[in-house]
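Heads up: the sequence lines are chains V and H, in that order.
So the number in my numbering is just where the residue sits in the first sequence, counting from 1, plus 1.
So the number in my numbering is just where the residue sits in the second sequence, counting from 1, plus 1.
2 protein chains.
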Amino acid sequence: MERREIETFLALAEELHFGRTAERLHVSVAMVSKSVKKLERAVGAPLFDRSSRRVALTPIGSRLYEDVQPAYRQLLDGFARAVAAGRGVEGVLRVGFLGTAVARFVLEVSEEFRIRHPDCRVELIETSYADVAGLLGGDAVDVLLLAIPDFAPDLSSGPVLFSEPAVLAVSARHPFARRDAVSLEDLARDKVLRPRGLTDELDALTVPVATPAGRPIERGDGFSTIQEMLALIGAGRGVFPVPKHASLYDARPDVVYVPMTDGLPYEWRLIWRTAGETNRIRAFAAAARDFVAVNGNPLLPAEE
Amino acid sequence: MERREIETFLALAEELHFGRTAERLHVSVAMVSKSVKKLERAVGAPLFDRSSRRVALTPIGSRLYEDVQPAYRQLLDGFARAVAAGRGVEGVLRVGFLGTAVARFVLEVSEEFRIRHPDCRVELIETSYADVAGLLGGDAVDVLLLAIPDFAPDLSSGPVLFSEPAVLAVSARHPFARRDAVSLEDLARDKVLRPRGLTDELDALTVPVATPAGRPIERGDGFSTIQEMLALIGAGRGVFPVPKHASLYDARPDVVYVPMTDGLPYEWRLIWRTAGETNRIRAFAAAARDFVAVNGNPLLPAEE
DNA sequence: TTTCGTTACGTTAGTCGTAAAGATT
DNA sequence: AATCTTTACGACTAACGTAACGAAA
């Protein structure tokens, strides 16, 4: 009972003519004959009553058709649905991002993506630090724009889309506020705020746990949103390294952004579950790659 | 989406382990890997999230399983039903016969058949001449015990089970009644009764339409049952050739059976629709063949 | 180091189309 | 004679297992 035999049986049961069946299936007439014969051999009884003038279903063949036709249809439907979800660039793609600033980038890439693939709707989902791991693991978003390198073995990431130096957000009254630059080493002199809900591992990837010289970098209050973080900074409760674009998008009188000399650069890339990779994701990643190839870092002024 | 791929997918979705899946399907682990990969390639997305330590369904894989599992089950059920109807010797076999005398033979063969195939019920259906063509053509019986050679191109027949000479049933007051024998030539001197509902072709096969010398053999009144035929004979309304065993089983004072010198012998065999041939039929034919090989003609006294 | 999934490769079996044959009207 | 199904045969593909390899704990 192979797929080809079933398809041949169903087609012949409908056409009742070997020639037309062969044409419909794009195979030779000989193959139709052989496939039917093989199925009949497997069943142990003729399925068609045929002469060179007439082709008709036997009672057993008729019963088999009634049973198999809907089941096979259902099978094809299920398969088609899986293909649409996997290969087809249609349906819905859920793109997560972190912070309102990058929303602009995601929006512009989505615009390009929508032009290329009009059948695929894009849902933009702003997420908090706490959800970074949860969202991807829990199948709440398909792809996430992050500046954190691969942090889990079952995740894949696209190429670096754009890179930014780190700046340190400090209170306007903080001693650092008057300096031209700070280094990682300086982080040991204050407390670094901590995004709430992040695993220790992820937190360490965002901000090192020790300075290059080996001094521990202490963690301070937790926060859930960017705004909350900035409020804590303004109140002098600690410092936090952010990508440079934040100095443009999140300017506040009580917060100063000081360039970091040796902070890890923020390398933005798309991240998705390896096991959940689909054509939609590949297409979105391609659109993002192509977008930055033309426009460069969309969050910072073009460099001369 | 081949059968093997579907089975592998379903088995792996249930086992979540390549080794056990391979064992269950009696294939190598390599084949499981390749089949799954091929299906994933066709779908365009991973169906399993797997490492050397863990195998889990992806959302797309999970959805595909939900869709495919019941459909495939239904497909197998339909196929199994066809196999049971065709290859399996189980279910019901409807055996038709003509005249109560041969019922004894059919009964004894059924007895043997039942011993060989306890899962198959046998239904005995006595039929009238009128139904011979209709019963077989209309799927009312599966196999029929007849003494008429192949009369339709889409019918098959087994070997001759037993053979009997023809005798002519005549009225006890008929001139033939005192003769030791009659010939086909004599049939032109009276009217031959005609089974009702028989096609001309079938009627001609039962009783020739002309004598060897070319004189027409006229047909008389019609009858539907053997008893009716005998009543007409007794009343002197005509004659009718019957197999010799009728002289033993249907003896009546007003009817005399005269041996025919050149009548076609009655060659009893099983007949069935070629397109409806099943293992049940083959098995019943085999039982009948074996029965007569041991017992000879069960309707006549054993010859010395 | 063990367990488990993947890749490589050579053998084997089966698929397929062309063309000739057989059957039916 | 024309139409339609079946059989024969040769080229080719892919299915399969063994064994080596790679990754994970």
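Backbone N, C-alpha and C fix where the C-beta goes; we use that ideal spot for every residue, glycine too.
Open item on the list: Just checking: is the beta-carbon of V/M230 within a distance shorter than 9 Å of some beta-carbon in chain H?
Closed with: Against the first sequence, residue 230 of chain V aligns to sequence position 229. For V/M230, the answer is no, since every Cβ of chain H falls outside 9 Å of its Cβ.
Task: Residues that DSSP places opposite V/I61 in a beta bridge - done: To locate residue 61 of chain V, count along the first sequence from 1; it is residue 60. The partner list for V/I61 (beta bridge, DSSP) is empty, contrary to what the question assumes.
- [ ] Select from the region 279 to 298 of chain V all residues with a C-beta closer than 8 Å to any C-beta belonging to chain H, and list them in chain order.
- [x] T279 and N280
- [ ] Using only alpha-carbon positions, find the residue among V/I234, V/L156 and V/H246 that is nearest to V/G221.
- [x] The residue given as residue 221 of chain V occupies position 220 in the first sequence. For V/G221, the nearest C-alpha among the options comes from V/I234.
Task: Inter-residue spacing [alpha-carbon to alpha-carbon] between V/P60 and H/P166 - done: To locate residue 60 of chain V, count along the first sequence from 1; it is residue 59. To locate residue 166 of chain H, count along the second sequence from 1; it is residue 165. Their backbone Cα atoms lie some 37 Å apart in a straight line.
Open item on the list: Determine whether the beta carbon atoms of V/V133 and V/L40 lie at a separation below 9 Å.
Closed with: What you label residue 133 of chain V is simply residue 132 of the first sequence in a count that begins at 1. What you label residue 40 of chain V is simply residue 39 of the first sequence in a count that begins at 1. For V/V133 and V/L40, no; Cβs fall outside 9 Å.
Task: Those residues which DSSP pairs with H/L94 across a bridge - done: Walking along the second sequence from the start, residue 94 of chain H turns up at place 93. According to DSSP, which records beta bridges pairwise, H/L94 is partnered with H/V123.
- [ ] Have a look at V/D181 and V/H175 and give me their C-alpha separation to the nearest angstrom.
- [x] Within the first sequence, numbered from 1, the residue matching residue 181 of chain V stands at position 180. Within the first sequence, numbered from 1, the residue matching residue 175 of chain V stands at position 174. Rounded to the nearest angstrom, the two C-alpha atoms are 13 Å apart.
Open item on the list: Using 8 Å for Cβ pairs, my map puts V/F106 next to V/E127. What's the rounded Cβ distance?
Closed with: Within the first sequence, the letter at position 105 stands for residue 106 of chain V. Within the first sequence, the letter at position 126 stands for residue 127 of chain V. That belief does not hold up - the Cβ atoms of V/F106 and V/E127 are roughly 13 Å apart, past 8 Å.
Open item on the list: Going by DSSP, what residue range makes up the beta strand (DSSP E) through V/D222?
Closed with: Along the first sequence, one-based indexing puts residue 222 of chain V at 221. Looking at the DSSP string, the run of the beta strand (DSSP E) that includes V/D222 is R220 to F224.
Task: Residues sharing a beta bridge with V/E165, DSSP - done: The residue labelled residue 165 of chain V in the question sits at position 164 within the first sequence. DSSP, once it has assigned bridges, lists V/Y267 as partnering V/E165.
Open item on the list: Against chain V, does H/I7 count as a neighbour if the rule is that its beta carbon must be under 9 Å from one of theirs?
Closed with: Here residue 7 of chain H is taken as the residue at index 6 of the second sequence, counted from 1. Yes, contact with chain V.
Task: Min CB distance H/G79 to chain V below 9 Å - done: Position 78 of the second sequence, counting from 1, holds the residue named residue 79 of chain H. Yes, its Cβ sits closer than 9 Å to a Cβ of chain V.
Task: Contacts that H/A83 makes with chain V (C-beta to C-beta distance below 7 Å) - done: Position 82 of the second sequence, counted from the start, is the residue given in the question as residue 83 of chain H. Chain V residues near H/A83: V44, I61, R64 and L65.
Task: Every unbroken alpha helix (DSSP H) inside the region 14 to 89 of chain V [4 residues or more] - done: 19 to 26, 30 to 44 and 60 to 87
TODO: Inspect the beta-carbon positions of H/D251 and H/V257 and report whether they are closer than 9 Å.
DONE: To locate residue 251 of chain H, count along the second sequence from 1; it is residue 250. To locate residue 257 of chain H, count along the second sequence from 1; it is residue 256. Contact: no.
TODO: Give a yes or no on whether the C-beta atoms belonging to V/L271 and V/L137 are separated by under 9 Å.
DONE: Counted from its first residue, the first sequence places residue 271 of chain V at position 270. Counted from its first residue, the first sequence places residue 137 of chain V at position 136. For V/L271 and V/L137, no; Cβs fall outside 9 Å.
- [ ] Report the option in H/L26, H/Y130, H/F241 and H/I7 whose CA atom is closest to the CA atom of H/K192.
- [x] In the second sequence, residue 192 of chain H corresponds to position 191, counting from 1. The shortest Cα separation from H/K192 among H/L26, H/Y130, H/F241 and H/I7 belongs to H/F241.
Open item on the list: So H/G87 contacts chain V; which residues on that side make the cut at Cβ distance below 7 Å?
Closed with: Your numbering for residue 87 of chain H matches position 86 in the second sequence. What H/G87 touches in chain V: V44, G45, A46 and I61.
- [ ] In angstroms with no decimal places, state the Cα-to-Cα distance between V/D78 and H/Q75.
- [x] Here residue 78 of chain V refers to the residue found at position 77 when the first sequence is read from its first residue. Here residue 75 of chain H refers to the residue found at position 74 when the second sequence is read from its first residue. The straight-line gap from Cα to Cα measures roughly 14 Å.
- [ ] Note down, in chain order, each residue of its chain lying with its Cβ closer than 7 Å to the Cβ of V/T212, except the 5 sequence neighbours on either side.
- [x] Within the first sequence, numbered from 1, the residue matching residue 212 of chain V stands at position 211. Cβ neighbours of V/T212 beyond the five flanking positions: L185, E186, L188, A189 and I218.
Open item on the list: Just list the residues that DSSP pairs V/V208 with in beta bridges.
Closed with: By 1-based counting over the first sequence, the position of residue 208 of chain V is 207. V/V208 pairs with nothing; no bridge assigned.
Open item on the list: Tell me the DSSP secondary structure of V/P244 in three-state form.
Closed with: Here residue 244 of chain V is taken as the residue at index 243 of the first sequence, counted from 1. V/P244: strand per DSSP, three-state reduction.
Open item on the list: Give me, in chain order, the residues of the same chain whose beta-carbon lies closer than 7 Å to that of H/E305; leave out the 5 immediate sequence neighbours on both sides.
Closed with: Sequence index remark: in the second sequence, residue 305 of chain H carries index 304 (1-based). Note that H/E305 scores a pLDDT of 39, beneath 50, so its modelled location is shaky; the value from the coordinates is reported in the next line. None.
Task: Proximal residues, the region 161 to 186 of chain H versus chain V, C-beta separation under 7 Å - done: none
Open item on the list: Pop quiz: V/V37 and V/L48 are said to be a contact at Cβ under 8 Å. What is the actual Cβ separation, rounded to whole angstroms?
Closed with: Reading the first sequence from its first residue, position 36 is the one you call residue 37 of chain V. Reading the first sequence from its first residue, position 47 is the one you call residue 48 of chain V. Rounded, the Cβ-Cβ distance is 7 Å, consistent with contact.
Open item on the list: For a test of the three-state rule: what should DSSP assign to V/P254, helix, strand or coil?
Closed with: Mapped onto the first sequence, residue 254 of chain V falls at position 253. Residue state, collapsed to three classes: coil.
- [ ] Starting from the beta carbon of V/R197, find every residue of chain H whose beta carbon is closer than 7 Å, and list them in chain order.
- [x] Residue 197 of chain V sits at position 196 when you count from the first residue of the first sequence. The contacting residues do not exist; V/R197 stays about 27 Å from chain H at best.
TODO: Using a Cβ-Cβ cut-off of less than 7 Å, list which residues of the region 7 to 31 of chain V approach chain H; keep chain order.
DONE: none
- [ ] Output yes if chain V places a C-beta closer than 9 Å to the C-beta of H/L137; else output no.
- [x] As a first step, residue 137 of chain H must be located in the second sequence, where it is residue number 136. Chain V, which has no Cβ nearer than 9 Å to the Cβ of H/L137, makes this no.
- [ ] From the DSSP output, in three-state form, read off V/T128 for me.
- [x] The residue you call residue 128 of chain V lines up with position 127 of the first sequence. The answer is strand: DSSP assigns V/T128 an E or B state.
Task: Spatial distance of V/T275 from H/R281 (CA atoms) - done: Residue 275 of chain V sits at position 274 when you count from the first residue of the first sequence. Residue 281 of chain H sits at position 280 when you count from the first residue of the second sequence. Spanning the two alpha carbons is a distance of roughly 54 Å.
Task: Opening and closing residue of the alpha helix (DSSP H) in which H/L231 lies - done: Reading the second sequence from its first residue, position 230 is the one you call residue 231 of chain H. I227 to G235 is the span of the alpha helix (DSSP H), which, as asked, contains H/L231.
Task: Where the alpha helix (DSSP H) containing V/S157 begins and where it ends - done: Counting from 1 along the first sequence, the entry for residue 157 of chain V is found at position 156. Taken as a continuous stretch (DSSP letters only), V/S157 belongs to no alpha helix (DSSP H), being part of the beta strand (DSSP E) at L156 to S158.
Task: Listed by chain order, chain H residues near V/D132 by CB distance under 8 Å - done: Stepping through the first sequence from its first residue, residue 132 of chain V is reached at position 131. Ordered by position in chain H, no residue passes the 8 Å Cβ test against V/D132, which lies about 18 Å from the chain.
Task: Proximal residues to V/V230 (C-beta, below 7 Å), its chain only, five neighbours per side dropped - done: In the first sequence, residue 230 of chain V corresponds to position 229, counting from 1. The amino acid occupying residue 230 of chain V in the given sequence is Met; Val does not appear at that position. Closer than 7 Å at Cβ, skipping near neighbours: L194, F224 and F241.
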